[in-house]
């Protein structure tokens, strides 16, 4: 678990920078909602941690 926390901590600044850039805003304004609807229908969700996205099912890592 510590390695996941460390990876998240290292990527948070680049993630926040990305979301402020025009291309990051465009991504989150369009594609993210489509992806989220698809995953909700499958009972899954995404924890986006910047460069890595972890797929979760029913609250557990899949």
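Numbering (UniProt numbering), first residue to last: 1 to 62. Glycine included, every Cβ here is placed at the ideal spot set by N, Cα and C.
Taking 9 Å as the threshold (C-beta atoms), are residue j and residue i in contact?
i: residue 28; j: residue 17; result: no
Decide if residue i is buried, meaning its Cβ has at least 16 other Cβ atoms within 10 Å, or exposed.
i: residue 34; result: exposed
Can you give me the Cβ contacts of residue i inside the same chain, cut-off strictly under 8 Å, excluding the 5 residues immediately before and after it?
i: residue 30; result: none
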